[in-house]
Amino acid sequence: MISRKDIKNIVIFKHLTDEMINKLLPEMELLRFTEGEMIFSSGERADMFYSLKRGKILLEQRVLDKVTISVGTVKPGYSFGWSALLGDQNFTLDTVCGEPCEVLRIKAKTLFNMIEEDWEMGYRLMHRLLHMVRRRLDGRTELLLKIIIDHPDMLSLAENNQS
Numbered sequence: 015m016i017s018r019k020d021i022k023n024i025v026i027f028k029h030l031t032d033e034m035i036n037k038l039l040p041e042m043e044l045l046r047f048t049e050g051e052m053i054f055s056s057g058e059r060a061d062m063f064y065s066l067k068r069g070k071i072l073l074e075q076r077v078l079d080k081v082t083i084s085v086g087t088v089k090p091g092y093s094f095g096w097s098a099l100l101g102d103q104n105f106t107l108d109t110v111c112g113e114p115c116e117v118l119r120i121k122a123k124t125l126f127n128m129i130e131e132d133w134e135m136g137y138r139l140m141h142r143l144l145h146m147v148r149r150r151l152d153g154r155t156e157l158l159l160k161i162i163i164d165h166p167d168m169l170s171l172a173e174n175n176q177s
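Heads up: take any position in the sequence shown, counting from 1, add 14, and you land on my numbering.
#1: Is there contact here, the stretch 29 to 44 with the stretch 71 to 82, by at least three beta-carbon pairs under 8 Å?
#2: So is Y137 buried or exposed if we call it buried at 16+ other beta carbons inside 10 Å?
#3: Going residue by residue through the stretch 73 to 155, where are the continuous alpha helix (DSSP H) segments of at least 4 residues, counting only ones entirely within it?
#4: Going by beta-carbon coordinates alone, are I24 and S97 separated by less than 8 Å?
#5: Please classify L39 as buried or exposed, where buried requires at least 16 other C-beta atoms within 10 Å of its C-beta.
#6: If you draw a straight line from the alpha carbon of L66 to that of L157, how long is it in whole angstroms?
#7: By the DSSP assignment, the alpha helix (DSSP H) with I16 in it spans what residues?
#8: Assess contact between the stretch 16 to 31 and the stretch 142 to 149, defined as three or more Cβ pairs (one per stretch) separated by less than 8 Å. Is contact present?
#9: So what's I24 in DSSP terms, helix, strand or just coil?
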């Protein structure tokens, strides 16, 4: 069973009013997954939006048929499956449970309908989503810069530049 507190503990929903939370509550599902279980795969239709109540989600990108790279993690209180909020999209990453997880899920279409009916709710959700996307983008930019800086060619360029 999902409580109002469960929804309020999710960052993207934290700033919603009690009335807005009450609209969400009957539309949310609680799912349980075991360690190693996949929630969705890259290429699948993105018609659900997810939030992590408990556990850890690994975000993985397939680079070859049998090679995946972990590009991030989702901690409790954070959401994933953002492609669903763009409408008529497919997921771009695989999501794998790094440990047993409890996940809240809502149909993207249902969330869209709520946003269209309640623009203040839509503004609050999108404002929080924008902050979360920025944080993830900053993290990936930092990781990319670290990889570039640590690359052997960069070290030799730096040495040549000092000469």
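Yeah, the Cβ is synthetic: ideal placement off N, Cα and C, and Gly gets one too.
Computed from a predicted model, the values in this text were never measured in an experiment.
Put simply:
#1: No contact exists between the stretch 29 to 44 and the stretch 71 to 82.
#2: When all chains shown are included, Y137 counts as exposed.
#3: Listed in chain order, the complete alpha helix (DSSP H) runs (minimum 4 residues) inside the stretch 73 to 155 are 122 to 131.
#4: Not in contact: I24 and S97 (Cβ atoms no closer than 8 Å).
#5: Under this definition L39 is an exposed residue.
#6: Answer to the nearest angstrom: the Cα atoms are 23 Å apart.
#7: Boundaries for I16: no alpha helix (DSSP H) harbours it, and the DSSP string shows neither H nor E there.
#8: By the C-beta criterion, the stretch 16 to 31 is judged to be in contact with the stretch 142 to 149, since at least 3 inter-stretch pairs fall below 8 Å.
#9: Coil, per DSSP.
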